[in-house]
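Enquirer: In UniProt numbering, the protein residues as written are 1 to 941. The beta carbon of each residue, even a glycine, is placed where N, CA and C say it ideally should be. Computed from a predicted structure; not experimentally measured.
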Amino acid sequence: MSVMQSGTQMVKLKNGSKGLVRLFYLDEHRSCIRWRPSRKSEKAKITIDSLYKVTEGRQSDIFHRHAEGNFDPSCCFTIYHGNHMESLDLVTSNSEEARTWVTGLRYLMAGISDEDSLWMKQTFEEADKNGDGLLNIEEIYQLLHKLNVNLPRRKVKQMFQEADTDDQQGTLTFEEFTVFYKMMSLRRDLYLLLMCFSEKKDHLTAEELGNFLHVEQKMSNVTPEYCLDIINKFEVSEENKQNGVLGIEGFTNYMRSPVCDVFNPQHNDVNQDMDQPLCNYFIASSHNTYLTGDQLLSHSKTDMYAWVLQAGCRCVEVDCWDGPDGEPMVQHGYTLTSKITFKSVIETINKYAFVNNEFPVILSIENHCNIQQQKKIAQHLKEIFGDKLDVGEALNKDPKQLPSPNSLKGKILIKGKRLPPYLSADAEEGEVSDDDSADEIEDDFKLKNSMHQVESHIRKKLDSLMKESQIGDKEDTDSFSIRALLRATHEGIQRNLLFQGHASNPSFLAPSFSGSPYNVLSFSETRAQHLVHHRSERFLNFNQRQLSRIYPSAYRIDSSNFNPQTYWNMGCQLVALNYQTDGRMMQLNRAKFMVNGGSGYVLKPGPMCKGSFNPLNDDPLPANPKKQLVIKIISGQQLPKPPDSMLGDRGEIIDPFVEVEIIGLPVDCCKEQTRVVDDNGFNPVWEETLSFTLHMPEVALVRFLVWDHDPIGRDFVGQRTVSFSSLMPGYRHVYLEGMTEASIFVHITVHDIYGKVSLYLHRQLYLISLIKIHSHYIFIHLVIRSVPTLKKKKKKKKIGAGTGGHVQGAGTEGPETPSGLDKGTKDEGGLDGTSGTTERGEGAVRSPVQTPSLLDPPPSFGTNTTPYSAHPQPACRGQSSSPHSHRLLLSPSWWALKPALAPGLMAWALLRGRSSTQSLGIALARRSWQELALHHRWARP
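1) Are the CB atoms of Ala742 and Gln628 nearer to each other than 8 Å?
2) State the Cα-Cα distance for the pair Thr8 and Thr103, rounded to the nearest angstrom.
3) Return helix, strand or coil for Leu120, following the three-state DSSP convention.
4) Short of 6 Å in beta carbon distance, which residues of its chain neighbour Asn406, apart from the five on each side in sequence? Order them along the chain.
5) Just reading off the beta strand (DSSP E) that Met10 is part of, what are its end residues?
6) On the criterion of 16 or more Cβ atoms from any shown chain inside 10 Å, does Phe716 qualify as buried, or is it exposed?
7) Taking the straight line between their C-alpha atoms, what separation do you get for Arg720 and Ile33?
8) Quickly, what does DSSP pair Ala576 with across the bridge? List them, please.
9) Flag this pair as touching only if the region 277-284 and the region 570-579 have three or more C-beta atom pairs under 8 Å; answer yes or no.
10) Just the C-alpha distance for His733 and Ala206, rounded to the nearest angstrom, thanks.
11) Within 10 angstroms of its Cβ, does Leu192 collect 16 or more other Cβ (buried), or is it exposed?
12) Looking only at DSSP bridge pairs, what is Asn136 linked to?
13) Is DSSP giving Lys411 helix, strand or coil here?
14) Secondary structure at Arg527, three-state DSSP: helix, strand or coil?
15) Per the contact definition of three or more C-beta pairs closer than 8 Å, is the region 323-342 in contact with the region 596-610?
16) Within 10 angstroms of the Cβ of Gly247, are there 16 or more other Cβ atoms? Answer buried if so, exposed if not.
17) Measure the C-alpha to C-alpha separation of Val3 and Phe24 and round it to an integer number of angstroms.
18) Check whether the region 585-601 and the region 356-376 touch, using three or more Cβ-Cβ pairs below 8 Å as the test.
19) Below 8 Å CB to CB, which residues in the same chain sit around Leu228 once its five sequence neighbours on both sides are set aside?
20) Could you check if Lys798 is buried or exposed, using at least 16 other CB atoms within 10 Å of its CB as the buried criterion?
21) Give a yes or no on whether the C-beta atoms belonging to Asn519 and Gln546 are separated by under 8 Å.
22) Do you know offhand how far Arg538's Cα is from Pro277's?
23) Under a Cβ-count criterion, where at least 16 other Cβ atoms within 10 Å of its own Cβ denotes burial, should Thr749 be classed as buried or exposed?
24) Cutting at 8 Å between CB atoms, please list the residues of its own chain near Phe160, excluding the five before and the five after it.
25) For Val149, which residues of its own chain have a beta-carbon under 6 Å away from its beta-carbon, when the five flanking residues on both sides are left out?
26) DSSP puts Val91 in a beta bridge; with which residues?
27) Report yes or no: do three or more beta-carbon pairs, one from the region 257-274 and one from the region 286-295, lie closer than 8 Å?
28) Less than 8 Å between the C-beta atoms of Ser87 and Ile62, yes or no?
29) Is Met219 helix, strand or coil when you go by DSSP?
30) If you draw a straight line from the alpha carbon of Ile471 to that of Ser364, how long is it in whole angstroms?
31) With the cut-off set at 8 Å, would you say Val91 and Cys76 are in Cβ contact?
32) Judging by CA-CA distance, which residue of Ser60, Leu108 and Leu694 is the nearest neighbour of Ser31?
33) For Met183, collect the residues of the same chain with a Cβ closer than 6 Å to its Cβ; drop the 5 residues on either side in sequence, then sort them by chain order.
34) Going by beta carbon distance, what residues of the same chain come within less than 7 Å of Asn614, once the five residues before and after it are set aside?
35) Could you tell me whether the Cβ atoms of Ile340 and Val316 are closer together than 8 Å?
36) Do Leu134 and Gln169 have their C-beta atoms within less than 8 Å of each other?
Encoded structure:
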């Protein structure tokens with residue numbers, strides 16, 4: 001690192017020049033690479049955070065344009081950075097210097113450094129305006145404004161004086177500034193949480209830490225040894241380490257570590273069943289992979305294939321056109337984008353396809369070449385990929401269904417198109433048009449059923465299109481076939497073609513359609529959108545047995561992306577996006593495929609693989625339990641000013657609020673937001689609970705957004721998107737994407753919901769949840785008082801032996817029905833977190849978590865939160881299990897409550913957890929739900 005910070009003379013290569021000699025050095029904060037001289041002055045830098053990879057040797061396009069003998073490969077390396085994979089190509093004077101830089105940059109990219117210390121040092125030096133190594137009170141005020149801290153000056157001055165302990169009064173050294181910063185950033189929320197589980201001490205013992213991990217973080221198999229390891233790793237005080245306790249600083253370090261991130265760390269590796277057919281997986285797919293920018297003027301680079309493949313993409317696109325000297329080229333046709341050779345693309349794919357994982361890569365070939373250059377394509381595929389094309393063994397296992405990702409590890413799969421059947425395999429002339437697809441053919445034959453008419457029409461149409469070439473909204477997906485091509489050149493690998501376009505049957509979405517599983521249909525987003533709205537169930541059924549690919553419209557010349565969730569909801573496997581355009585849609589795509597280790601394959605939910613349902617229905621899976629996601633937004637930490645702020649760090653302190661959005665099935669899509677906290681981006685506190693109901697949580701994405709409130713709108717601060725399946729329960733930090741320190745602190749719980757809960761019962765459950773368990777007893781009568789008074793029965797009779805001691809009201813007249821118990825009550829603001837009127841029916845809610853009700857926020861700090869127990873007790877009168885026990889039998893008038901109350905009480909019982917001091921028994925006697933006895937036993941501790 002010291003060599004890099006001192007600087008190294010290197011040659012910077014550029015297009016069309018011999019190179020410029022510059023001094024490159026790592027800045028003192030180790031946060032960016034700088035060089036001089038430069039006309040860009042302060043802008044002549046590349047941040048470490050923006051680096052994607054560092055490669056050794058002459059591998060980039062710029063190096064290839066220079067003769068091989070010009071530079072020693074051991075002295076060459078390339079730095080790829082930015083969203084568009086820009087390259088910085090450098091040549092050192094000797095191989096040792098090159099190796100030092102490559103190793104050092106990879107070291108920094110891996111994050112092997114004390115990030116907190118580096119950030120603190122960088123913050124200190126940026127605040128030191130006069131460069132004297134000391135901060136005065138005015139510099140501290142300016143720094144706090146930059147950090148979005150709005151503290152009274154009296155409070156800041158007090159903390160400043162407490163931290164200023166040396167002889168130089170009125171200034172802070174770096175060590176004193178560190179003390180000042182820790183005083184200022186003390187996490188009250190974490191301190192109260194620690195106090196809650198430590199019996200109001202300022203530290204946690206190993207046993208108390210284990211209790212916290214088990215109860216709140218839902219961790220199983222927590223051992224004392226594991227807790228001691230946490231203490232030794234995160235505690236900063238040697239005295240606390242020796243005593244085996246975790247203080248507030250150590251607890252804060254632990255809660256801010258990746259262990260307590262909102263993302264499940266087990267999902268960093270492959271964790272799903274990879275032995276199912278390919279059609280049962282969502283597959284990460286790229287559109288026009290070679291482009292670095294827009295669809296009209298941007299550059300084409302082989303580096304893009306290396307980038308997307310290493311980022312987890314498993315389906316890349318190659319657009320082939322006739323090139324000079326008989327060599328096919330890859331480019332975006334009829335535009336001003338640059339060209340690269342097909343051979344260089346295939347070589348890059350071969351090199352990087354299986355660097356990060358071995359699951360199969362699909363080449364989606366869009367072909368516009370004449371027959372001679374198509375033969376050249378086949379030759380390159382055969383020579384470069386070799387045995388990677390041989391999938392015969394996987395196909396022989398079960399020819400009636402697609403092979404699995406595991407059976408195709410290390411293989412390259414070709415997705416191509418068929419040539420017209422009347423065209424000879426050894427033809428020397430002819431070209432393939434790109435304006436024909438399954439979409440268009442199916443439109444042309446909506447009213448035709450004769451297969452003979454269909455085939456005849458296709459042949460005529462393709463024959464006429466052989467003489468035309470025009471750009472349209474559909475890719476070339478059905479007129480070229482590697483199988484036909486290889487038959488003319490390399491007969492040996494004909495059997496290894498896996499995928500082909502299919503366009504011969506206009507009723508491919510019909511339930512009776514039984515085409516080959518190896519046929520793939522490609523749809524533009526326009527055509528796919530029509531299918532989603534008009535044939536959603538058939539579209540989903542088709543995707544249960546075959547693959548479909550959705551690609552962006554040709555009108556998206558800016559390389560923007562559509563919403564991929566729309567087509568994931570239909571079970572579409574290959575939803576192709578423009579990877580070069582970062583933004584909301586690519587953020588959703590990244591979150592989708594992170595759930596399975598970033599392997600590029602994510603298993604579809606069971607109902608999407610087998611069975612039938614309509615994803616557009618209000619209740620698409622009525623027989624399946626729903627999930628209720630309850631997120632308590634507690635606080636924020638070091639939230640920056642908006643990136644597009646006109647005044648930058650000098651702008652006003654932000655007024656942040658948090659928005660949580662659910663992206664999934666249409667019925668699940670909704671968003672909720674917190675209130676606005678004024679003038680505090682450093683440590684805002686919200687303490688607000690948001691609730692969402694999910695019908696198919698397996699496909700849902702949860703998106704956390706932080707906004708800066710403004711009187712005329714709002715400004716985007718940052719976001720983090722996580723798949724529902726990857727959410728961790730308990731207290732978690734949500735670090736905003738691309739930011740080191742900025743985060744929001746949340747508490748997450750998930751409940752199962754069975755059926756619907758009426759408004760009245762929901763209110764009963766919520767009232768019960770407000771009962772606090774204190775050190776002596778609990779007032780169960782709060783539940784009784786919440787129910788309207790009923791008329792008493794005049795007659796009672798006891799049920800004899802064998803009935804469990806239940807008491808039954810006699811007589812024929814029933815009690816008056818409370819008006820609040822009517823079925824189908826309407827409520828403003830439903831369980832799913834959406835606004836508007838929502839219908840509630842009867843049912844029960846079962847919660848496996850410790851929070852006592854469906855909409856309960858997490859327990860308040862400092863409160864005994866031991867939950868209830870829900871275990872049936874025998875209804876025996878006059879018996880006592882302990883000297884302090886007591887049984888309460890409700891009066892007979894309550895047994896005859898309207899049946900709607902019984903499920904609610906049952907749900908209340910199920911919501912309780914285990915407790916050693918309380919137990920609840922529910923016994924249901926004859927008349928089904930109409931007879932209820934509630935027994936409660938309590939004891940003083």
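Expert: Looking at the coordinates:
1) no
2) 15 Å
3) Note that residue 120 is Met in the sequence shown here, rather than Leu. Looking at Met120 - three-state DSSP - the assignment turns out to be helix.
4) Met274 and Asp275
5) Thr8 to Leu13
6) exposed
7) 27 Å
8) Ser285
9) yes
10) 22 Å
11) exposed
12) Thr171
13) coil
14) helix
15) no
16) buried
17) 11 Å
18) yes
19) Ala206 and Gly244
20) Only weak support exists for where Lys798 lies, its pLDDT of 38 falling under 50; the value from the coordinates is given anyway. Answer is exposed; the Cβ neighbour count stays below 16.
21) yes
22) 19 Å
23) buried
24) Ile137, Ile140, Leu172 and Phe180
25) Phe682
26) Val11 and Cys76
27) no
28) yes
29) coil
30) Because Ile471 sits at a pLDDT of 31, beneath the cut-off of 50, its placement in the model cannot be relied upon, and the following sentence gives the value as read from the coordinates. Each residue's Cα considered, the two are about 18 Å apart.
31) yes
32) Leu108
33) Met159
34) Ser536, Glu537 and Pro620
35) no
36) no
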